[in-house]
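Asker: Pasting a structure here, questions to come.
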Amino acid sequence: MAKDALYDAEDILDELATETLRYKLEAESKAGPNQVWNCTPSSRGIESKLKKVIEKLELIAKYKDVLGLKDNVGGRSFGFKQRLPTTSLVDETCVYGRDHDKDLIIEQLLRDAPSSKIGVVPIVGMAGIGKTTLAQIVYNNDRVEKHFHLRIWVCVSDQFDVVRVTKTILRSVTLKHTDLNDLNLLQVSLKEKLVGKRFLLVLDDVWNKRNNDWDLLWNPLKTAAKGSKILVTTRNKDVASSMGTVPAHHLRVLSFEDCWLLFRSQAFENITNNEVYPNLETIGRKVVEKCEGLPLAAKRLGILLRSRQEENEWKDILNRKIWDLPDDESDILQSLRLSYHHLPAHLKQCFAYCSIFPTEYEFDKDTLVLLWMAEGFVQQPKAKKRVEEVGGEYFRELVSRSFFQESINNKSQYVMHGLIRDLSHFVSGEFCFRLGDRLKDGNQNRIFEKARHSSYIRGRRDVLSKFEPFHGVECLRTFLPLDPTGMIGISYLANKVPRDLLPKLTYLRVLSFNACRITQLPDSIGDLKHLRYLDLSHTAIKRLPDSTGTLCNLQTLILLNCRSLTKLPAEMGSLTNLRHLRISGSRLKEMPQQICRLKNLQSLSTFVVGKDVESGIRDLRNMLQLQGSLLISGLKNVVSFTDAMEANLKNKKELDRLVLQWSTSLGDPINNVDEEEVSHNPQVLRLQKDLSLGGYSRKRFPSFRETMKAYEQESTKQTLERSYSLDDSRNETVETDVLELLQPHKNMKEIIIKDFGGTKFPSWIGSPLFSNLILVRLSNCRNCSSLPPLGQLPSLKNLTVEGMDRIKRIGIEFCGDGCSSAMPFPSLETLKFDSMLQWEEWSSSGVEGRGDFNNLQNIEIRNCPKLTKLPHHFPGLKRMSIKGCEELETLPRVLTVDDSLEQGREFPAFLSFLYWHVPT
1 MAKDALYDAE
11 DILDELATET
21 LRYKLEAESK
31 AGPNQVWNCT
41 PSSRGIESKL
51 KKVIEKLELI
61 AKYKDVLGLK
71 DNVGGRSFGF
81 KQRLPTTSLV
91 DETCVYGRDH
101 DKDLIIEQLL
111 RDAPSSKIGV
121 VPIVGMAGIG
131 KTTLAQIVYN
141 NDRVEKHFHL
151 RIWVCVSDQF
161 DVVRVTKTIL
171 RSVTLKHTDL
181 NDLNLLQVSL
191 KEKLVGKRFL
201 LVLDDVWNKR
211 NNDWDLLWNP
221 LKTAAKGSKI
231 LVTTRNKDVA
241 SSMGTVPAHH
251 LRVLSFEDCW
261 LLFRSQAFEN
271 ITNNEVYPNL
281 ETIGRKVVEK
291 CEGLPLAAKR
301 LGILLRSRQE
311 ENEWKDILNR
321 KIWDLPDDES
331 DILQSLRLSY
341 HHLPAHLKQC
351 FAYCSIFPTE
361 YEFDKDTLVL
371 LWMAEGFVQQ
381 PKAKKRVEEV
391 GGEYFRELVS
401 RSFFQESINN
411 KSQYVMHGLI
421 RDLSHFVSGE
431 FCFRLGDRLK
441 DGNQNRIFEK
451 ARHSSYIRGR
461 RDVLSKFEPF
471 HGVECLRTFL
481 PLDPTGMIGI
491 SYLANKVPRD
501 LLPKLTYLRV
511 LSFNACRITQ
521 LPDSIGDLKH
531 LRYLDLSHTA
541 IKRLPDSTGT
551 LCNLQTLILL
561 NCRSLTKLPA
571 EMGSLTNLRH
581 LRISGSRLKE
591 MPQQICRLKN
601 LQSLSTFVVG
611 KDVESGIRDL
621 RNMLQLQGSL
631 LISGLKNVVS
641 FTDAMEANLK
651 NKKELDRLVL
661 QWSTSLGDPI
671 NNVDEEEVSH
681 NPQVLRLQKD
691 LSLGGYSRKR
701 FPSFRETMKA
711 YEQESTKQTL
721 ERSYSLDDSR
731 NETVETDVLE
741 LLQPHKNMKE
751 IIIKDFGGTK
761 FPSWIGSPLF
771 SNLILVRLSN
781 CRNCSSLPPL
791 GQLPSLKNLT
801 VEGMDRIKRI
811 GIEFCGDGCS
821 SAMPFPSLET
831 LKFDSMLQWE
841 EWSSSGVEGR
851 GDFNNLQNIE
861 IRNCPKLTKL
871 PHHFPGLKRM
881 SIKGCEELET
891 LPRVLTVDDS
901 LEQGREFPAF
911 LSFLYWHVPT
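So for the sequence shown, the UniProt record's numbering puts the first residue at 1; every next one is plus one.
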């Protein structure tokens with residue numbers, strides 16, 4: 001009731017702020033130089049709404065104690081039972097699946113210390129994962145007991161008290177009770193008792209990460225003997241990293257079989273009815289699946305079912321949610337809730353919001369942060385921080401506290417453990433729901449009416465009736481389609497769904513039709529005055545309604561792979577709060593004229609330079625906050641040197657990836673590289689350390705040239721398909737000068753130049769000032785007869801050159817002006833050449849006794865039919881692949897097969913040489 005009223009108050013205040021902003025923008029657009037406009041909106045309706053909400057809140061405050069209301073950020077409140085401290089005792093017969101973890105920790109504890117500093121070994125993991133149990137079995141291990149003079153166990157818990165902890169340590173050392181409460185006297189006494197003693201101190205369940213507190217506790221421990229160790233268990237990765245002297249041991253969930261053994265040891269202890277046992281085992285295994293490898297859940301549910309021998313009782317527990325179990329019979333949720341209880345208020349609402357994610361759903365950090373921003377969960381930064389950075393800190397904190405975990409399938413994605421997800425459902429209550437959840441009869445309408453955040457699982461064809469529950473949720477803020485399996489692809493969705501739905505959901509802040517096959521949005525999109533996040537990626541829309549330009553609160557607009565989209569609304573300039581515009585994969589011909597007004601943009605995936613003089617590259621001049629990656633396409637339309645200079649790329653210091661593309665082809669070229677899978681190709685000849693030659697009787701391998709003639713070419717050479725061809729209207733001199741003026745900031749990490757029509761590369765591209773540059777790709781620059789001097793880029797790791805038709809020779813100029821005194825390409829690891837149709841020779845710098853590519857590990861050369869010569873020396877080479885190079889006569893010295901065999905030397909253990917499409 002109270003939270004519902006607070007939501008209403010937020011909506012009204014947001015409406016007032018929005019109307020004020022709209023009037024201000026309208027006034028600015030209409031006002032002449034000498035006109036002054038009244039920017040205060042008519043607020044009679046808003047005042048009436050606000051008055052009703054205030055009256056409701058006052059009534060709630062007045063009867064708070066009578067109604068039994070408690071302070072609570074989530075959807076439900078809960079109390080906590082008194083937590084008993086842990087002890088060092090453990091029944092190891094009930095521990096499963098931890099032998100490997102135990103051995104690793106014991107090895108760390110018994111390892112000789114390199115210094116007299118006390119070693120700290122952290123064990124970190126989510127609630128209920130078994131950190132304390134692992135510490136107990138290590139503590140009681142015979143080898144550990146014999147190695148240390150003293151073993152001390154302290155349950156620290158969430159309320160850290162340095163006096164209490166010091167007193168407990170002293171009591172363990174002396175085996176005597178003390179009434180001392182003076183910290184100084186306690187620590188002096190402890191210091192004396194530890195002199196010359198090698199101890200193991202277990203600090204169980206540590207929450208505090210304040211370094212000052214720990215420095216105070218550490219002081220009396222420093223007099224102990226060399227080899228003393230501290231074993232810390234914590235739920236928080238930040239605690240582990242701040243305290244540990246070695247990397248933390250991250251405890252993982254149990255395998256299903258180990259989890260089943262633990263459950264069975266508890267659940268079947270009292271089972272005497274052998275006839276019913278097979279049925280109970282079947283149900284029990286399903287119960288264990290719900291535990292998702294969490295030992296605490298398996299053990300507690302096993303204990304809970306131990307006294308129940310009827311099949312229907314086991315089914316009842318199987319079908320219950322974890323929070324429906326009685327507190328006096330299960331402390332699973334109690335343990336998980338404690339982690340939530342210790343979250344600050346802003347993280348509580350961020351976590352509760354994640355209850356809209358379905359089972360096993362994988363999410364990425366950046367998208368979730370943008371959603372939190374749209375919902376108003378991320379506090380405005382006080383220092384010079386971006387709000388996205390603050391949201392990123394929120395996310396990292398939830399990862400650190402084990403609410404989020406890295407996905408096993410994709411390290412860039414995150415998941416929530418099943419029981420953590422259940423906790424999010426519990427705390428969010430009726431304010432979050434997923435369409436498709438099984439709701440209790442009679443409660444569905446009530447829950448929907450109060451809901452603010454929702455998601456639904458996309459189907460292949462979503463019919464109108466599926467969305468009927470949304471019609472009664474006028475205050476909904478989040479409408480999010482999800483595909484947790486990743487198998488649905490594009491969903492068919494009738495245009496009637498958004499047309500009917502959007503006029504009813506006027507309080508939406510997050511709206512997505514991602515991967516829904518809609519072709520248009522209704523004009524009523526402009527009435528969603530609270531909207532902050534709009535995602536229409538992978539849809540078939542051809543245009544956005546003009547009313548989209550009135551969404552003055554919009555922060556994020558995502559239009560990825562909208563391949564029918566050719567134009568953005570002319571009034572885009574009114575979206576002054578827009579921070580993220582992602583339009584890669586669309587067919588835009590130009591940017592809207594007012595885009596230069598979007599000074600708050602933090603990310604812009606693509607900027608299309610149009611032919612119209614009003615849609616020029618100079619519109620980038622005021623976007624100084626741009627970060628991440630930017631693709632500028634259509635650069636062939638830049639004819640003004642002034643425009644190129646005004647684009648001001650040199651001052652966009654937060655950009656780290658820049659694609660300069662003279663054509664206007666679809667998408668981002670760097671992501672469309674043809675990566676051929678050769679490992680399963682039957683034409684590949686592979687020479688590795690393990691070489692099997694059945695029935696080969698000759699004394700030597702044929703030479704490389706002989707090998708080329710020994711095989712019939714099985715397929716014709718496929719030249720890289722030209723993505724672009726020059727036309728007569730382009731001016732080589734203009735394009736050369738334009739590229740010179742498009743110099744980016746020296747912080748750049750990746751530069752891709754594609755379809756450039758000039759005759760030479762800019763002077764800045766090989767400058768050592770670009771010390772952060774790790775990737776360069778030059779593609780289809782057909783008028784350039786030489787490569788830029790890239791050898792002096794100190795951090796360059798990946799270089800690709802392709803489609804350079806006029807290149808005939810690559811030599812010393814490639815290494816740069818300083819090649820006589822400094823080793824060129826000091827960091828280069830991967831080098832690729834593709835479709836260099838006139839390229840004949842590649843020679844080294846010629847400096848005696850020195851390689852030009854000492855760190856190079858991988859070379860790929862494809863479709864270079866005239867190439868005859870390669871450099872001789874690549875000392876670090878691990879892999880080389882060659883395709884479509886019929887004239888090649890020499891190989892690097894390390895690859896000469898004949899000499900290795902004739903002189904009885906082994907093949908290099910590090911080398912994998914691939915060659916295919918070998919002609920006769």
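Glycine residues also receive a C-beta, built at the ideal position from the N, C-alpha and C atoms.
Since the structure is predicted, the reported quantities are computational estimates derived from the model, not experimental observations.
Report back the beta-carbon spacing between N561 and H538 to the nearest angstrom; my notes put them in contact at under 8 Å.
Answerer: Indeed they touch by this definition, with Cβ atoms about 5 Å apart.
Asker: F403 by DSSP, collapsed to three states: which one?
Answerer: DSSP places F403 in coil when its eight states are reduced to three.
Asker: When the Cα atoms are used, what is the spatial distance from L604 to R337?
Answerer: Going by the C-alpha atoms only, they are around 40 Å apart.
Asker: Using only CA atoms, which one of H250, V195 and S157 lies nearest to K209?
Answerer: For the residues H250, V195 and S157, the minimum Cα distance to K209 belongs to S157.
Asker: Skipping 5 residues on each side, what residues in its chain have a beta carbon closer than 6 Å to that of G227?
Answerer: The answer, listed in chain order, is A113 and R198.
Asker: For P751 and L799, I'd like the C-alpha separation in whole angstroms.
Answerer: The residue asked about is misnamed: residue 751 is Ile in this sequence, not Pro. Cα to Cα, the separation comes out at about 10 Å.
Asker: Assuming contact is defined by CB atoms lying nearer than 8 Å, are L578 and Q555 in contact in what I supplied?
Answerer: Contact flag set, yes.
Asker: If we ignore side chains and look at the alpha-carbon of each, how far apart do L551 and G486 end up?
Answerer: Those two C-alpha atoms are separated by around 31 Å.
Asker: Who are S556's beta bridge partners in DSSP?
Answerer: Per the sequence shown, residue 556 should be read as Thr rather than Ser. Paired residues: Y533 and H580.
Asker: At which residue ranges does the UniProt domain "R13L1/DRL21-like LRR repeat region" (725-804) contain complete alpha helix (DSSP H) runs of 4 or more residues, listed in the order of the chain?
Answerer: If we require 4 residues or more, the alpha helix (DSSP H) runs fully inside the UniProt domain "R13L1/DRL21-like LRR repeat region" (725-804) come out as 732-741.
Asker: Counting beta carbon pairs with one atom in the region 111-129 and one in the region 248-266, are three or more of them shorter than 8 Å?
Answerer: Enough Cβ pairs lie closer than 8 Å, so yes.
Asker: Could you say which of V162, L301 and S172 lies nearest to D182 if we only look at CA atoms?
Answerer: For the residues V162, L301 and S172, the minimum Cα distance to D182 belongs to V162.
Asker: Could you tell me the distance, in whole angstroms, from the CA atom of C784 to the CA atom of F761?
Answerer: For C784 and F761, the distance between alpha carbons rounds to 7 Å.
Asker: Just list the alpha helix (DSSP H) runs in the UniProt domain "Disease resistance protein winged helix" (356-423), keeping only unbroken ones of 4 residues or longer that don't cross its boundaries, in chain order.
Answerer: Runs of the alpha helix (DSSP H) inside the UniProt domain "Disease resistance protein winged helix" (356-423): 365-375 and 387-400.
Asker: Between the Cα of I807 and the Cα atoms of D834, E829 and M880, which residue gives the shortest distance?
Answerer: The option with the nearest alpha carbon to I807 is D834.
Asker: Give the DSSP-derived three-state secondary structure of H872 in the structure shown.
Answerer: Coil.
Asker: Three or more beta-carbon pairs under 8 Å between the region 377-397 and the region 468-487, yes or no?
Answerer: At 8 Å Cβ cutoff, the stretches do not touch.
Asker: May I ask you to report which of helix, strand or coil DSSP gives M880?
Answerer: M880: strand per DSSP, three-state reduction.
Asker: What ranges does the beta strand (DSSP E) occupy inside the region 85-148, keeping only unbroken runs of at least 3 residues that lie completely in it?
Answerer: Whole beta strand (DSSP E) segments, 3+ residues: 119-124.
Asker: Helix or strand or just coil, what does DSSP make of E474?
Answerer: Here E474 sits in coil by DSSP.
Asker: Between S574 and I595, what straight-line distance do the alpha-carbon atoms span, to the nearest angstrom?
Answerer: Using only the alpha carbons, I get a separation of about 9 Å.
Asker: Under the three-state reduction of DSSP, which class applies to P481: helix, strand or coil?
Answerer: Three-state DSSP puts P481 in a strand.
Asker: What whole-angstrom Cβ distance do L25 and T576 have, given they're in contact under 8 Å?
Answerer: Right, the Cβ-Cβ distance comes to about 7 Å (below 8 Å), so this counts as a contact.
Asker: Spell out the partners DSSP gives V608 in its beta bridges.
Answerer: Looking at the DSSP assignment, V608 forms a beta bridge with S633.
Asker: Could you tell me the alpha carbon to alpha carbon distance between S912 and G816, rounded to whole angstroms?
Answerer: The pLDDT assigned to S912 is 47, lower than 50, so where the model puts this residue is not dependable; a value taken from the coordinates is nonetheless given after this. Rounded to the nearest angstrom, the two C-alpha atoms are 30 Å apart.
Asker: Between the alpha carbons of R396 and K229, how many angstroms are there, rounded?
Answerer: Roughly 29 Å separates the two Cα atoms.
Asker: Suppose the cutoff is 8 Å on Cβ atoms and the five residues either side in sequence are ignored; what does the same chain contact list for V144 look like?
Answerer: Hits under 8 Å: I106, L109, L110, V138, R151 and L200.
Asker: For V195, collect the residues of the same chain with a Cβ closer than 6 Å to its Cβ; drop the 5 residues on either side in sequence, then sort them by chain order.
Answerer: Answer for V195: T223, listed in chain order.
Asker: Taking the CB atoms as reference points, tell me whether S629 and R657 lie closer together than 8 Å.
Answerer: Against a cut-off of 8 Å, the Cβ pair of R657 and S629 comes out as a contact.
Asker: Pull the bridge partners of V510 from the DSSP assignment, please.
Answerer: Looking at the DSSP assignment, V510 forms a beta bridge with T478 and Y533.
Asker: Among all the DSSP beta bridges, which residues are the ones paired with D204?
Answerer: C155, per the DSSP bridge assignment.
Asker: Output the distance between the C-alpha atoms of L16 and K529, rounded to the nearest integer angstrom.
Answerer: Their Cα atoms are separated by approximately 10 Å.
Asker: Mark F641 as exposed unless 16 or more other C-beta atoms lie within 10 angstroms of its C-beta, in which case mark it buried.
Answerer: Its Cβ having fewer than 16 others within 10 Å, F641 is exposed.
Asker: Between S491 and R452, is the Cβ-Cβ spacing less than 8 Å?
Answerer: No, they are not a contact pair.
Asker: Using beta-carbon positions only, say whether T246 and F263 come within less than 8 Å of one another.
Answerer: Correcting the residue type first, residue 246 is Val in the shown sequence and not Thr. Contact: no.
Asker: Relative to the alpha-carbon of R517, which residue among E393, N495 and T868 has its alpha-carbon at the smallest distance?
Answerer: For R517, the nearest C-alpha among the options comes from N495.
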